[in-house]
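S.K.: For the sequence shown, the working numbering gives the first residue as 9, with consecutive numbering after it.
Where is the CB? At the ideal position from N, CA and C, for every residue including glycine.
Since this is a predicted model, take the numbers as computed values, not measurements.
My questions all concern the structure below.
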Amino acid sequence: MNARKLLYILSLLVIASMLIVACGPADSNNNADMDNNMANEPAANEPAANEPAADEPAADEPAGFEYPFKNPDTYVVASFGEPETLDPAWTYETSGSAFENNIYEGLVWFERERTDVFVPILSTGWEANDAGDVWTFDIREGVTFHEGGTLEPHDVAYSMQRALLQDRVDGPHWMTHEVFFGTYSIAESIGDGSGGVADGTPEELVAACELVKSAVVADDAAGTVTFTLVQPAPWFMAILANSFAGAVVDQEWMAENGDWDGDCATWQDFNDPAAEESILFNVANGTGPYVLDHWTPGEEIVLTANQNYWRADDDPIWEGGPSGIASIQRFVYLLIDEWGTRLAMFEAGDADYVVVPAQFNSQVEPYYGEITCDAPDHKSCVEVASDGWIQAYTGYQRPIMTPAQFNQAINSEGGNVFQGSGALDGNGITDDFFTDLHIRRAFSYCFDYDTVIAEALDGEGTQAQGPIIAGMLGYRDDGFVFSYDPDKCAEEFQLSESGVWDTGFYMQIAYNTGNEGRRLAAEVLKAGIEDVNPNFQIQVVGMPWPVLLNARRAGKLPIYVGGWLEDFHDPHNWVHPFLHSGGAYGRVANIQDPLKTELDTMIAEGAALTDPDARRPIYEALQLKAQEEAIMIWMYQPLVRYHFSPWIEGWYYNGAYSAGSFSYIYALDKVGP
Numbered sequence: 009m010n011a012r013k014l015l016y017i018l019s020l021l022v023i024a025s026m027l028i029v030a031c032g033p034a035d036s037n038n039n040a041d042m043d044n045n046m047a048n049e050p051a052a053n054e055p056a057a058n059e060p061a062a063d064e065p066a067a068d069e070p071a072g073f074e075y076p077f078k079n080p081d082t083y084v085v086a087s088f089g090e091p092e093t094l095d096p097a098w099t100y101e102t103s104g105s106a107f108e109n110n111i112y113e114g115l116v117w118f119e120r121e122r123t124d125v126f127v128p129i130l131s132t133g134w135e136a137n138d139a140g141d142v143w144t145f146d147i148r149e150g151v152t153f154h155e156g157g158t159l160e161p162h163d164v165a166y167s168m169q170r171a172l173l174q175d176r177v178d179g180p181h182w183m184t185h186e187v188f189f190g191t192y193s194i195a196e197s198i199g200d201g202s203g204g205v206a207d208g209t210p211e212e213l214v215a216a217c218e219l220v221k222s223a224v225v226a227d228d229a230a231g232t233v234t235f236t237l238v239q240p241a242p243w244f245m246a247i248l249a250n251s252f253a254g255a256v257v258d259q260e261w262m263a264e265n266g267d268w269d270g271d272c273a274t275w276q277d278f279n280d281p282a283a284e285e286s287i288l289f290n291v292a293n294g295t296g297p298y299v300l301d302h303w304t305p306g307e308e309i310v311l312t313a314n315q316n317y318w319r320a321d322d323d324p325i326w327e328g329g330p331s332g333i334a335s336i337q338r339f340v341y342l343l344i345d346e347w348g349t350r351l352a353m354f355e356a357g358d359a360d361y362v363v364v365p366a367q368f369n370s371q372v373e374p375y376y377g378e379i380t381c382d383a384p385d386h387k388s389c390v391e392v393a394s395d396g397w398i399q400a401y402t403g404y405q406r407p408i409m410t411p412a413q414f415n416q417a418i419n420s421e422g423g424n425v426f427q428g429s430g431a432l433d434g435n436g437i438t439d440d441f442f443t444d445l446h447i448r449r450a451f452s453y454c455f456d457y458d459t460v461i462a463e464a465l466d467g468e469g470t471q472a473q474g475p476i477i478a479g480m481l482g483y484r485d486d487g488f489v490f491s492y493d494p495d496k497c498a499e500e501f502q503l504s505e506s507g508v509w510d511t512g513f514y515m516q517i518a519y520n521t522g523n524e525g526r527r528l529a530a531e532v533l534k535a536g537i538e539d540v541n542p543n544f545q546i547q548v549v550g551m552p553w554p555v556l557l558n559a560r561r562a563g564k565l566p567i568y569v570g571g572w573l574e575d576f577h578d579p580h581n582w583v584h585p586f587l588h589s590g591g592a593y594g595r596v597a598n599i600q601d602p603l604k605t606e607l608d609t610m611i612a613e614g615a616a617l618t619d620p621d622a623r624r625p626i627y628e629a630l631q632l633k634a635q636e637e638a639i640m641i642w643m644y645q646p647l648v649r650y651h652f653s654p655w656i657e658g659w660y661y662n663g664a665y666s667a668g669s670f671s672y673i674y675a676l677d678k679v680g681p
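And the structure:
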């Protein structure tokens, strides 16, 4: 992209950011929404107090400045993105699961920073057989739910059974079905597995439910729950530590409030619900250290400390860890899309943590005080010298990757504004527009990877090589990647037999509102495409996180910029979501045969093996094919920073957490001067 064009694009983005702040509302976020949402907010049409220009660093604090200590015992996070639901069995995105990890508990949890070592929570211990396919957990006694019920082993079994049977489309339970049954959905356990839940006979439906119950068995008298897997799964404990599979609910309370009661004759009535159809959509009843106080959509979510929490003062969760009632008594999550408003709140002491888009790092670096670097040579440790008030944690290689995701079979039923006219007539695109390999390759060549990494990530990231992230089995340092090349982009468009080069097209590309990095990536892609042919038109559209996810599930989006945070650290958790026909992203990518069948077969082969040397060539081949076939635009893997006020203590980094700032508030303290 030429320098003049790039300068123009970035100038527009700066202006847009300033306009968003100026027009912000008065007094008023695995699928990853955050690279994984009142006080002193400016009135409408007024600039934020002391807000620096979006392209300039913040001014130094005046001599003698003392950062204010506000809201004792309350931890305030200003961010963007809110949950789709608070039902842990339904949730498969970072914002919702982060809240659920504070409200609900499972049998195990991660030991502080470790993602491969687990501590008992609602269990007191466990054992596995020699084969590793039968696991028995001893269930903790003396635990009560927020609404007063007593935890018993059958609650643990019911919670897993409910999750397996609820099994909503594009949900997380492809993983649980895979470890228990070697399938990816409950539908595959009905009859011969070729139909759906609605196609099953009453006898087949009961049999499927009984199969689930046989794999997850509670013994209230013995105080145990036993899980029987189809084969050993190295990631089984990591799955149990995730809220979608591990969060335990009160069976009796659920049934009393209208959810499934455990009867195999009725489970199908609760299968694949819409988010708002679950009784746990906006209410919660867990055993965790925090209780849901309220959720005001679009504004805030508030949690309060569970005053009846079961953990004793002399029983730390890990050595030196928290115990007893939570130290932080109140957690307030404010949905603030505008970066300028978040910054003003941070400066005023009205937020203890804010999400800082990487391209605005320079605005907060003058305020850095204590800096903790995960990478010793990170530029914040080498270049930034300050005696400010921000606790900065920098250089973390979070297991997240952001692509632009194509849809090869766009859903045009009932009309679809995202694809314009629905015809390749210069005013739209057809449903099968992205089945054309030349078009997908053209888009991949027209994206300026280096510019986005430099600007959206402030240079802190790497170009993605495919679905598998750097450092993981299947990643090759010398692997093929696309580069920004307008000539090759134009050539690929001209090679398409669709005639798109002459007719032109119009479409929309979506990103989640508040994620400035993804917005810039979408704008750079738009500019690169439009630069090679004036008949090409792309409109960038920001959408609230839940709205974007709903449109994606419906198959309406031709292309959007999203992200993926791993559920467990294995290449299978990257290739299946992105490339498998039943994957969280693969289903709506609608990859066509024969490639679809080839990918599905390779993914199954890789998952069935345990020897890394045997698995490696399969994942390397999947990685290369994903890039050569331009299944998506594999954009970037970021380094991340975290920014806290000086009053928050006890933070540590765990790459498995949905949101680094608040996935486990119980471990944090707020200590004043």
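Near Ser286, which residues of its chain fall below 7 Å by C-beta distance, leaving aside the five closest residues on each side in sequence?
M.R.: Sequence index remark: in the sequence shown, residue 286 carries index 278 (1-based). Cβ neighbours of Ser286 beyond the five flanking positions: Thr93, Asp95, Trp98.
S.K.: When you compare only the Cα positions, how much space is there between Leu676 and Ala86?
M.R.: Locating residue 676 in the sequence shown gives position 668, counting from the first residue. Locating residue 86 in the sequence shown gives position 78, counting from the first residue. Those two C-alpha atoms are separated by around 17 Å.
S.K.: Suppose the cutoff is 7 Å on Cβ atoms and the five residues either side in sequence are ignored; what does the same chain contact list for Asp433 look like?
M.R.: Counting from one through the sequence shown, the residue named residue 433 turns up at place 425. Answer for Asp433: Thr511, listed in chain order.
S.K.: What are the residues that DSSP puts in a beta bridge with Leu311?
M.R.: Position 303 of the sequence shown, counted from the first residue, corresponds to residue 311. For Leu311, which the question treats as bridged, DSSP gives the partners Leu300, Phe339.
S.K.: Select from Leu311, Thr521, Lys604, Ala195 the residue whose C-alpha is nearest the C-alpha of Ser671.
M.R.: Working through the sequence shown from its first residue, we reach residue 671 at position 663. Checking every option, the nearest Cα to that of Ser671 belongs to Leu311.
S.K.: What residue ranges within the region 111 to 189 form continuous alpha helix (DSSP H) runs of no fewer than 4 residues, ordered along the chain?
M.R.: Qualifying alpha helix (DSSP H) stretches, in chain order: 161 to 174, 182 to 189.
S.K.: Please report how far the alpha carbon of Gly332 lies from the alpha carbon of Ile673, in whole angstroms.
M.R.: By 1-based counting over the sequence shown, the position of residue 332 is 324. By 1-based counting over the sequence shown, the position of residue 673 is 665. Whole-angstrom Cα-Cα distance: 13 Å.
S.K.: Pairs of beta-carbons, one from the region 641 to 655 and one from the region 491 to 511, closer than 8 Å: are there three or more?
M.R.: No, they do not touch.
S.K.: What did DSSP end up calling Trp553 once you bin it into helix, strand or coil?
M.R.: Taking the sequence shown and counting its residues from 1, the one referred to as residue 553 is at position 545. Helix, per DSSP.
S.K.: Within the region 431 to 493, note down every full alpha helix (DSSP H) run reaching 4 residues or more, in order along the chain.
M.R.: If we require 4 residues or more, the alpha helix (DSSP H) runs fully inside the region 431 to 493 come out as 445 to 453, 457 to 463.
S.K.: Buried or exposed: where does Phe488 fall if 16 or more other Cβ atoms within 10 Å of its Cβ makes it buried?
M.R.: Translated into the one-based positions of the sequence shown, residue 488 becomes position 480. With fewer than 16 Cβ atoms within 10 Å of its Cβ, Phe488 is classed as exposed.
S.K.: By the 10 Å Cβ neighbour count, where 16 or more other Cβ atoms means buried, how is Thr132 classified, buried or exposed?
M.R.: For this step, residue 132 is matched to residue 124 along the sequence shown. The residue in question, Thr132, is exposed, as its Cβ has fewer than 16 Cβ neighbours within 10 Å.
S.K.: Cutting at 6 Å between CB atoms, please list the residues of its own chain near Gly668, excluding the five before and the five after it.
M.R.: Translated into positions along the sequence shown, residue 668 becomes position 660. Within the same chain, Gly668 has close Cβ partners Tyr650.
S.K.: Is His302 buried or exposed, if buried means 16 or more other CB atoms sit within 10 Å of its CB?
M.R.: In the sequence shown, residue 302 corresponds to position 294, counting from 1. His302 should be labelled exposed.
S.K.: Buried or exposed for Val425, please, with buried defined as at least 16 other CB atoms from any protein chain shown within 10 angstroms of its CB.
M.R.: What you label residue 425 is simply residue 417 of the sequence shown in a count that begins at 1. Under this definition Val425 is an exposed residue.
S.K.: Under 8 Å, with one C-beta from each stretch per pair, do the region 589 to 609 and the region 538 to 545 reach the 3-pair mark?
M.R.: No, the region 589 to 609 does not touch the region 538 to 545.
S.K.: Grab me the residues of Ala47's own chain with a C-beta within less than 6 Å of its C-beta, minus the 5 sequence neighbours each way, in chain order.
M.R.: The sequence position of residue 47 within the sequence shown is 39, counting from 1. Reliability of the predicted coordinates at Ala47 is poor, the pLDDT of 28 falling under 50, and no value is obtained from them.
S.K.: So Trp553 and Gly89 are in contact, right, with Cβ under 8 Å, and what is the actual spacing, rounded?
M.R.: Mapped onto the sequence shown, residue 553 falls at position 545. Mapped onto the sequence shown, residue 89 falls at position 81. Going by Cβ atoms, the distance from Trp553 to Gly89 rounds to 4 Å, so yes, they are a contact pair.
S.K.: Could you tell me the alpha carbon to alpha carbon distance between Glu373 and Val390, rounded to whole angstroms?
M.R.: By one-based count along the sequence shown, residue 373 stands at place 365. By one-based count along the sequence shown, residue 390 stands at place 382. Going from the Cα of Glu373 to the Cα of Val390 covers about 12 Å.
S.K.: Cutting at 6 Å between CB atoms, please list the residues of its own chain near Pro180, excluding the five before and the five after it.
M.R.: What you label residue 180 is simply residue 172 of the sequence shown in a count that begins at 1. Excluding sequence neighbours, Pro180 sits near Tyr100, Phe252.
S.K.: Using C-beta distances below 6 Å, list every residue in its chain close to Ala236, excluding the 5 sequence neighbours before and after it, in chain order.
M.R.: One-based indexing of the sequence shown puts residue 236 at position 228. First, the residue type needs correcting, since residue 236 is Thr and not Ala in the sequence shown. Same-chain partners within the cutoff: Val142, Ala223.
S.K.: Which same chain residues end up closer than 7 Å to Pro324 when comparing Cβ atoms and leaving out the 5 residues on each side of it in sequence?
M.R.: Numbered from 1 along the sequence shown, position 316 holds the residue referred to as residue 324. Answer for Pro324: Pro330, Ser331, listed in chain order.
S.K.: Rounded to the nearest angstrom, what separates Leu342 and Asn79 at their Cα positions?
M.R.: Numbered from its first residue, the sequence shown carries residue 342 at position 334. Numbered from its first residue, the sequence shown carries residue 79 at position 71. For Leu342 and Asn79, the distance between alpha carbons rounds to 14 Å.
S.K.: Looking only at its chain, what residues have a beta carbon closer than 7 Å to the beta carbon of Tyr404, apart from the 5 residues adjacent to it on each side?
M.R.: As a working mapping, residue 404 is identified with position 396 in the sequence shown. So the qualifying residues of the chain are Asp382, Leu647, Val648, Tyr661.
S.K.: From Val127 to Ala664, what distance separates their C-alpha atoms?
M.R.: For the purposes of this step, residue 127 is taken as the residue at position 119 of the sequence shown. For the purposes of this step, residue 664 is taken as the residue at position 656 of the sequence shown. Those two C-alpha atoms are separated by around 14 Å.
S.K.: Kindly indicate which three-state DSSP category Ala77 falls into: helix, strand or coil?
M.R.: Here the question's residue 77 lines up with position 69 in the sequence shown. The question names Ala, but residue 77 is Phe in the sequence shown. If DSSP states are grouped into helix, strand and coil, Phe77 belongs with coil.
S.K.: Would Trp318 and Glu119 be called neighbours here (beta carbons separated by less than 8 Å)?
M.R.: Locating residue 318 in the sequence shown gives position 310, counting from the first residue. Locating residue 119 in the sequence shown gives position 111, counting from the first residue. Not closer than 8 Å, so no.
S.K.: Using the Cα positions of Phe441 and Asn435, report the straight-line distance between them to the nearest angstrom.
M.R.: What you label residue 441 is simply residue 433 of the sequence shown in a count that begins at 1. What you label residue 435 is simply residue 427 of the sequence shown in a count that begins at 1. Using only the alpha carbons, I get a separation of about 13 Å.
S.K.: Using 10 angstroms around the beta-carbon of Leu617, count the other beta-carbons present and answer buried if the total reaches 16, otherwise exposed.
M.R.: Sequence index remark: in the sequence shown, residue 617 carries index 609 (1-based). It counts as exposed.
S.K.: Kindly confirm or deny that the region 506 to 524 and the region 556 to 567 touch, where touching means at least three C-beta pairs closer than 8 Å.
M.R.: Yes, the region 506 to 524 is in contact with the region 556 to 567.
S.K.: Need the endpoints of the beta strand (DSSP E) that Gln399 sits in, please.
M.R.: Taking the sequence shown and counting its residues from 1, the one referred to as residue 399 is at position 391. Run containing Gln399: 398 to 404, per the beta strand (DSSP E) assignment.
S.K.: Which ranges does the alpha helix (DSSP H) cover as unbroken runs of at least 4 residues, wholly within the region 569 to 627, from first to last along the chain?
M.R.: Qualifying alpha helix (DSSP H) stretches, in chain order: 580 to 587, 594 to 597, 603 to 616.
S.K.: How would you write the range of the alpha helix (DSSP H) that Asp510 sits in, first residue to last?
M.R.: As a first step, residue 510 must be located in the sequence shown, where it is residue number 502. From DSSP, the alpha helix (DSSP H) with Asp510 extends over 508 to 511.
S.K.: Grouping DSSP H, G and I as helix and E and B as strand, with all else coil, what is Thr102?
M.R.: Translated into positions along the sequence shown, residue 102 becomes position 94. The answer is helix: DSSP assigns Thr102 an H, G or I state.
S.K.: Which partner residues does Trp642 have in the DSSP bridge list?
M.R.: By one-based count along the sequence shown, residue 642 stands at place 634. Its beta-bridge partners are Pro411.
S.K.: Determine contact between the region 156 to 168 and the region 251 to 270, defined as no fewer than three beta-carbon pairs at a distance below 8 Å.
M.R.: At 8 Å Cβ cutoff, the stretches touch.
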